[in-house]
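Chains as they are written, first to last, in the working numbering: chain H, -4 to 584; chain Y, -4 to 584.
Quick look at the structure:
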């Protein structure tokens, strides 16, 4: 079982650890210290060693900061975690701060005039610049938490393995030559694990959920790479495949290598740790630019798209087995959210191809569904009741692709308001799925299409409509998104999620999610070049929640055709029992 | 008759005038001079005296520049005028330049290394800054065209009249106090005629189409105004109404007044002439900000909205008389575009309330409809044929409101492609009309809704979807728009056009346009604050062009309800003959 439901954080020790940290503050002559939920690679998942925020405060969310001052300790949490934080930290010693409504810079400037320490490996230039602009005096120091964390785990040492060229669709040498030639400087410093893994056609197991390995790299204009990583992770086979143009060095040599750079250096202010910037000698020209692998990584090769399609059919078959089981079992009563998560993971494991789950399954029944990023634990686990909605957002990591799918299921009869909202969310998903648009538009330009049916009923949802998805990499990747804040033009080959939702606090949550590949649209008129989406997720929507009369003919036609395709593609892959369920679940409407 | 169809420009004299201008260049020691289609107030319409571009080149479009060099004269025209310019200028002496694809700065820098003269009254700071950034050496000089234009008309001297407080909904004193208090500086320099007219509740007749008077003003933080304008335009009654807090000065005193400013001065780099900037003494702090009247002017008062509704019913009745006449007359043959424009203006004049037309009526039959901004002249006038589309975009200036409406009409049977396109344009208009959206979004966020039905068929249109409209002021006003480039949040009280279209070059053009008021939306759920539109244009759409089966039920319901309201509101205002036509034209579908 990949997912677990226990919390190892010790909020009861928060006060003691805080007191120890304050002792270090005084010893260091500092007035405060920042503890982010981040590692040097700014990933969504961190190794246990880097989970300093949870260790100190008890808060286990996937983003946040603790700012420890002499007399106050603010825990900065975003909208997803406003409730959770209150249950996880000792409120006598930690003060939750609504972030980013209140920025770190503003809060610190208001609460402390002194000098605040920070670990330069755990913060980006953009973060530090913003705090300085707000008037905060900052000083880079060795991490204070690491000094007091007696049994801090060792850095991860997961083995590196190769991503076969046939699945990647391009050799590492080709990628290195192309990205090297595209640089705006002589050399780029790479710090993002998924960028490095993509570039070198390797994968790893250093953190949960994301099959990446931790490393730093210098990519030179000629396509050669200096890789800084623990040699123990690299087998001879992997080194042989990487070849002589990828030179492996100990991480300890990174500093001298960076100090030795003289030509213009490309650095991403939004992701590279400040520590690297501090190493660059004076007068070296820094070219601020996005990580150069981000966009090419997002433009999937034919082989990656073929792989993603296969992974989604495999995953879709597991989902159908799961939904058939759920429909048979849930109405009998007695199921909990943890039971559902466990069963779903087992169906995925039964494919014998699951390498990891893409993220902790979100399984929210009734009011828990309204918490957009709810992760069930033993403490929160809830029995699934009758006449409720059940929201299940999950995915699998397979060597040929990463999946991410959300379905919302009726357990009994959840009532007319739920059906109205479900139907509008589905209409939004269909509108975005069917969209065709002139080349050059960004996700921002398409985002309203998915919201319009909800807007018409006075509703909306507080998250983006879609995110990029990796190829056996991170389930969330950029640069493209479908969201109000995304100005990145969409291009053929990008994989995106399409996941409108609706959440009524204390009552229910609805989200529906398919993944789609962006493609050149076939010409209808001689008018102009267009793009469109091709859906690669094939799993039925719950027709018991669809108000058929509210659909337009086009929407009904789309849904019937989609369900026909689900049957056609999945029937050869599922059990007899699931097949019977599938036929009934996909009846024409 | 307001509109006229003759062109007074003399392209045959272009070569002679160009030679004279080049003599001035040499005398002045310059290597070039820029002739914009602009006056000191950056209005869409200029007085005959300021029509220097047309006088010099023969080009009569509403935007453009001529850059005269020693051996070349580039005429910069945007996408609307690429064809027209070729017919209007002497191509042996003038070279059309596709603008803004090619910027002035880039073209000049490539064609001339010397010094280019410009009239600082006719260019904004933003324009000059962009050219300098491109490497052009610029020098402000007295206008060279004015030196050689022997019979240049005198500046306009139209009388100023009052806009009654009952129609404005707010006294000038209230507006001046509010806007004065909102300033980011001690004083703002106002140069936009519609801003000054709005602020002082006055109107004028200095240019065609826009009922404004030319003036400059200093608005002080205490709400007092120094107004610089020709005193002959102001009757004693007007001066008495303006009161002692509006101090009228001769325009000749503007320079010394600006030179006398010492405190921070608010100036709009996008609209104020550079000349004013050059007058400010050194060390005066310039606060760059939008013209401070733009946003409050866009937020219409209750009285202005009531006035706009009445103006639109009056105008709608004239439009219905026109459409009834057209349906009876056009199929008999023999009508030309000029006949149609003339007849329509006469129907508007018959209201006895028409003060001006809002702009030159665009009346394009068949392929002429595909030219988005086509203005018929005696040269281009075309007989309206059978089985064609006729696009008519027009509006009236009434003291209670400014109208702007487009309808596309079937003359005979224009065929299935036309009907398909018309239906999709109508679906876009309906989608935008019905939109409700969370407070805070801009026109950019709504723009895709109007395009989606066209996108689905591989089509789109190359103009914005909507613009702001004045209250007996300019038919195009900011700051809000519905367009990809508009980031201004929409607010209750804004009037906007909703005008999707589709154009097939050489074949036909379709555009449908209603005006709408932005309103607080009634709550449906307790979810969140929303805005919506209330349509104020009431004129039937041509049902002969609607593919009824392609409409969703919601779209059909909307169209039937709209037509029922047209009948209800206009029936008391139209002739018996038009009433019979209206009943048939609005039959339920």
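Beta carbons: idealized from backbone N, C-alpha and C, even for Gly.
Classification of residue 123 of chain H by the beta-carbon crowding that lies within 10 angstroms, buried from 16 upward
By the 10 Å Cβ count, residue 123 of chain H comes out buried.
Secondary structure, beta strand (DSSP E): runs of 3+ residues fully inside the segment 493 to 546 of chain H
Runs of the beta strand (DSSP E) inside the segment 493 to 546 of chain H: 496 to 499, 503 to 506, 509 to 515, 525 to 530.
CB of residue 116 of chain H within 8 Å of CB of residue 268 of chain H, strictly
Yes, the Cβ-Cβ distance between residue 116 of chain H and residue 268 of chain H is below 8 Å.
Which residues in chain Y have a C-beta closer than 7 Å to the C-beta of residue 523 of chain H? List them in chain order.
Result: 455.
Going by alpha carbons, who is nearest to residue 311 of chain Y out of Y:566, Y:522, Y:100?
Among Y:566, Y:522, Y:100, the Cα nearest to that of residue 311 of chain Y is on Y:566.
Distance cutoff 8 Å, beta carbons only. Does residue 432 of chain H sit that close to anything in chain Y?
At least one chain Y Cβ lies under 8 Å of residue 432 of chain H.
Pairwise C-alpha distance: residue 545 of chain Y and residue 417 of chain Y:
The C-alpha of residue 545 of chain Y is placed about 11 Å away from the C-alpha of residue 417 of chain Y.
Inter-residue CB distance, residue 338 of chain Y and residue 354 of chain Y (contact presumed, cutoff 8 Å)
About 17 Å; that fails the 8 Å criterion.
What residues in the segment 512 to 545 of chain Y bring their beta carbon closer than 8 Å to a beta carbon of chain H?
Cβ contacts with chain H come from 516, 518, 519, 520, 522, 523, 525.
Alpha-carbon spacing of residue 529 of chain Y relative to residue 445 of chain H, whole angstroms:
A direct Cα-Cα distance of roughly 23 Å separates residue 529 of chain Y from residue 445 of chain H.
From Y:169, Y:203, Y:537, residue whose alpha carbon lies closest to that of residue 238 of chain Y:
Ranked by Cα distance from residue 238 of chain Y, the first of Y:169, Y:203, Y:537 is Y:169.
Kindly indicate which three-state DSSP category residue 317 of chain Y falls into: helix, strand or coil?
Shown here, residue 317 of chain Y sits in a helix according to DSSP, grouped into three states.
Buried or exposed: residue 196 of chain Y, going by 16 or more other Cβ atoms within 10 Å of its Cβ?
The residue in question, residue 196 of chain Y, is buried, as its Cβ has 16 or more Cβ neighbours within 10 Å.
Residues in its own chain within less than 6 Å of residue 537 of chain Y by CB, not counting five upstream and five downstream?
Once the five neighbours on either side are set aside, the close Cβ partners of residue 537 of chain Y are 404, 405.
For a contact meaning CB atoms closer than 7 Å, what does residue 481 of chain Y contact in chain C?
In the structure shown, chain C does not exist; the protein chains are H and Y.
Which residue comes first and which comes last in the alpha helix (DSSP H) that contains residue 193 of chain Y?
Residue 193 of chain Y: member of the alpha helix (DSSP H) spanning 188 to 195, first to last residue.
For a quick check, are the C-beta atoms of residue 432 of chain H and residue 432 of chain Y less than 8 Å apart?
Between residue 432 of chain H and residue 432 of chain Y, the C-beta gap is not smaller than 8 Å, which leaves the two residues out of contact.
Identify the contact partners of residue 429 of chain H in chain Y, using a Cβ-Cβ distance below 8 Å as the criterion.
The CB of residue 429 of chain H comes closer than 8 Å to the CB of 451 in chain Y, given here in chain order.
Option nearest residue 27 of chain Y by Cα separation, candidates Y:398, Y:232, Y:34, Y:18:
The shortest C-alpha separation from residue 27 of chain Y is found at Y:18.
Going by beta carbon distance, what residues of the same chain come within less than 7 Å of residue 414 of chain Y, once the five residues before and after it are set aside?
Here the set comprises 540, 542.
In this structure, does DSSP put residue 562 of chain Y in helix, strand or coil?
If DSSP states are grouped into helix, strand and coil, residue 562 of chain Y belongs with the helices.
Just how far apart, CA to CA, sit residue 667 of chain Y and residue 47 of chain Y?
Because chain Y is modelled from -4 through 584, residue 667 of chain Y falls outside the range shown and cannot be assessed.
How would you call residue 550 of chain H, buried or exposed, if buried means at least 16 neighbouring beta carbons within 10 angstroms?
Answer is buried; the Cβ neighbour count reaches 16.
The alpha helix (DSSP H) that contains residue 337 of chain H, what's its start and end?
DSSP places residue 337 of chain H in the uninterrupted alpha helix (DSSP H) bounded by 332 to 344.
Beta bridge counterpart(s) of residue 61 of chain H as assigned by DSSP:
H:30, H:70.
Can you give me the Cβ contacts of residue 279 of chain Y inside the same chain, cut-off strictly under 7 Å, excluding the 5 residues immediately before and after it?
Result list for residue 279 of chain Y: 256, 257, 260, in chain order.
Could you give the first and the last residue of the continuous alpha helix (DSSP H) run that contains residue 262 of chain Y?
Under the DSSP assignment, residue 262 of chain Y falls outside any alpha helix (DSSP H), being part of the beta strand (DSSP E) whose first and last residues are 260 to 262.
So, at 6 Å on beta carbons, what are the nonlocal neighbours of residue 33 of chain H in its own chain, with the 5 sequence-adjacent residues on each side left out?
The beta carbon of residue 33 of chain H is closer than 6 Å to those of 117 in its chain, skipping five residues each way along the sequence.
Assigned exposure category for residue 93 of chain H - 16 Cβ within 10 Å defines buried
It counts as exposed.
Less than 7 Å between C-beta atoms, sequence neighbours within five positions excluded: which residues of the same chain meet that for residue 131 of chain H?
Sequence-distant Cβ neighbours of residue 131 of chain H in its own chain, meaning closer than 7 Å and more than five residues away, are 100, 103, 104, 111.
What runs of the beta strand (DSSP E), each 3 residues or longer, lie entirely inside the segment 237 to 301 of chain H?
Counting only runs that start and end inside the segment 237 to 301 of chain H, the beta strand (DSSP E) elements of at least 3 residues fall at 241 to 244, 260 to 262, 281 to 283.
Top-ranked residue by Cα proximity to residue 149 of chain H, from H:225, H:91, H:385
Answer by Cα proximity: H:225.
So, does the CB of residue 447 of chain Y fall closer than 8 Å to a CB anywhere in chain H?
Yes - at least one Cβ of chain H is within 8 Å of the one on residue 447 of chain Y.
Provide the residue span of the beta strand (DSSP E) that contains residue 90 of chain Y, from first to last.
The continuous beta strand (DSSP E) containing residue 90 of chain Y extends over residues 90 to 93.
Residue 81 of chain Y lies in the alpha helix (DSSP H); which residues open and close that run?
Per DSSP, residue 81 of chain Y belongs to the alpha helix (DSSP H) from 79 to 83.
Own chain, CB closer than 8 Å to residue 479 of chain H, minus 5 neighbours either side, in chain order:
Cβ within range, chain order: 439, 442, 459.
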